[in-house]
């Protein structure tokens, strides 16, 4: 009788342990930025709307253009992440609303995943221009350079 209780307790502990380990493999989904409605986004039209009507319909922009306050951007990105890996984008929307100087909409552009750039770093080191010196060249490279001609001995030319 006690042997069956131990085996049942071990099975239950193994089941609980497996459930806890499997929980670490859960896929996380995330959303960053603007939460927009497709009907509201499509209702913004060039020549009809102005800054006030766009802000009333879509809300404040995610960010305003750096070089012109007449460019408004609404940005949204959905990502997924498995365990400890880096998050990967699954969907992206960039809505760019352009205004003229009077504040009227002149263009509405919507873009998606095609604007995501994939960067691949080049190993552990950043390539730089210049000399490739070894450790010892760096350590002993200035020996003999002190007092060398043209090393700047002052305006008296080395005379006291």
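In the working numbering, the protein residues as written are 55 to 214.
Note that CB positions come from ideal geometry on N, CA and C, so glycine has one too.
Given the structure is predicted, the values throughout are model-derived calculations rather than measurements.
For this session: Inspect the CB distances between the region 178–188 and the region 156–166 and report whether three or more fall short of 8 Å.
Result: no
Problem set entry | With 16 other Cβ atoms within 10 Å as the buried cut-off, status of residue 138 | The residue you call residue 138 lines up with position 84 of the chain shown. Answer is exposed; the Cβ neighbour count stays below 16.
Exercise. How do the region 183–195 and the region 142–162 stand: do at least 3 beta-carbon pairs fall below 8 Å, yes or no?
Worked result: no
For this session: Give the DSSP bridge partners of residue 162, in chain order.
Result: Reading the chain shown from its first residue, position 108 is the one you call residue 162. DSSP lists 151 as partners of residue 162.
Problem set entry | Closest residue to residue 132 among 118, 71, 145 and 120 (Cα-Cα distance) | Here the question's residue 132 lines up with position 78 in the chain shown. Looking at the Cα atoms, 145 is the closest of the given residues.
For this session: Please work out which residues of its chain come closer than 6 Å, Cβ to Cβ, to residue 158, disregarding the five sequence neighbours upstream and downstream, and give them in chain order.
Result: Working through the chain shown from its first residue, we reach residue 158 at position 104. Excluding sequence neighbours, residue 158 sits near 104.
For this session: Given a cut-off of 8 Å, decide if residue 90 and residue 112 are closer than it, judged by their beta-carbon atoms.
Result: As a position in the chain shown, residue 112 is number 58, starting the count at 1. As a position in the chain shown, residue 90 is number 36, starting the count at 1. Yes.
Exercise. What three-state label does DSSP hand residue 179 in the structure shown?
Worked result: Locating residue 179 in the chain shown gives position 125, counting from the first residue. Here residue 179 sits in coil by DSSP.
Problem set entry | residue 64 versus residue 73: straight-line alpha-carbon distance, rounded | Along the chain shown, one-based indexing puts residue 64 at 10. Along the chain shown, one-based indexing puts residue 73 at 19. Going by the C-alpha atoms only, they are around 14 Å apart.
Exercise. Cβ atoms of residue 116 and residue 84: under 8 Å apart, would you say?
Worked result: If you number the chain shown from 1, residue 84 lands on position 30. If you number the chain shown from 1, residue 116 lands on position 62. Not a contact, by the Cβ cut-off of 8 Å.
Exercise. Under a three-way DSSP split, which group does residue 91 fall into?
Worked result: In the chain shown, residue 91 corresponds to position 37, counting from 1. Coil.
For this session: Could you spell out the range, first to last residue, of the alpha helix (DSSP H) harbouring residue 193?
Result: Translated into positions along the chain shown, residue 193 becomes position 139. First-last of the alpha helix (DSSP H) with residue 193: 189–194.
For this session: Rounded to whole angstroms, what's the CA-CA distance from residue 171 to residue 129? Just pull it up for me.
Result: Start at 1 with the first residue of the chain shown, and residue 171 comes out as number 117. Start at 1 with the first residue of the chain shown, and residue 129 comes out as number 75. If you take the alpha carbons of residue 171 and residue 129, they lie about 16 Å apart.
Problem set entry | Neighbourhood of residue 142 by C-beta distance below 8 Å, restricted to the same chain and skipping five residues each side | Taking the chain shown and counting its residues from 1, one reaches residue 142 at position 88. Closer than 8 Å at the Cβ level, and outside the excluded window around residue 142, lie 133, 134 and 135.
For this session: Mark residue 108 as exposed unless 16 or more other C-beta atoms lie within 10 angstroms of its C-beta, in which case mark it buried.
Result: Mapped onto the chain shown, residue 108 falls at position 54. Buried, since its Cβ has 16 or more Cβ neighbours within 10 Å.
For this session: Express the C-alpha separation of residue 96 and residue 121 in angstroms, rounding to a whole number.
Result: Position 67 of the chain shown holds residue 121. Position 42 of the chain shown holds residue 96. Computed Cα separation, rounded: 26 Å.
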